[in-house]
Every structure is written in structure tokens, then in C-alpha cells.
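What follows is a single structure, written as C-alpha cells, with notes after it.
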Amino acid sequence: YMGTTPHVKLGSSFTKVQEFLKGFENIPDMLELDHLTVSGDVTFGKNVSLKGT
15 YMGTTPHVKL GSSFTKVQEF LKGFENIPDM LELDHLTVSG DVTFGKNVSL KGT
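Just so we're on the same page, my numbering is the position in the sequence shown counted from 1, plus 14.
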């Protein structure tokens, strides 16, 4: 699958680098993702795959 780069919008909880790193300790698989909006206190666990919109 060779899609386009997904559009990712991060909420105000991710304005500082430390907050970003805390929420994204594990980078999710986004190969089949169209767009994503993240707001609030969100953390991605291991082996997460995001697909669709």
C-alpha cells in the first residue's frame, strides 16, 4: 500500500515536546490512514495500527 501522507492534527495537549513524546512513546502504524485528529490526554500503546479516516 503506497498512499499519501496522512494529515495529522494535534490538540493543545501536544504543544510542548515533552507532552508529544509522552503521548507518542510508540509510533502507531499509519500506512493506511487518511487523517487523524488527536485531542486530550492520549497515549498510543505498542503495535497500534491506525486505518481510514
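We put the CB at the ideal spot given by N, CA and C, even for glycine.
C-beta atoms of residue i and residue j nearer than 8 Å
| i | j | result |
| --- | --- | --- |
| Phe38 | Phe58 | yes |
| Val62 | Asp48 | no |
| Ser40 | Lys23 | What sits at residue 40 in the sequence shown is Asn, not Ser. Contact: no. |
Closest by C-alpha distance to residue i, when choosing among the options
| i | options | result |
| --- | --- | --- |
| Glu33 | Ser53, Leu45, Thr19 and Glu46 | Ser53 |
| His21 | Val31, Leu50, Val56 and Leu64 | Leu50 |
| Ser26 | Thr67, Lys60, Leu64 and Val56 | Val56 |
Any chance you could list the alpha helix (DSSP H) runs of at least 4 consecutive residues sitting entirely within the stretch 29 to 53, in chain order? Every alpha helix (DSSP H) of 4 residues or more that sits fully in the stretch 29 to 53 is shown, in chain order, as 31 to 37.
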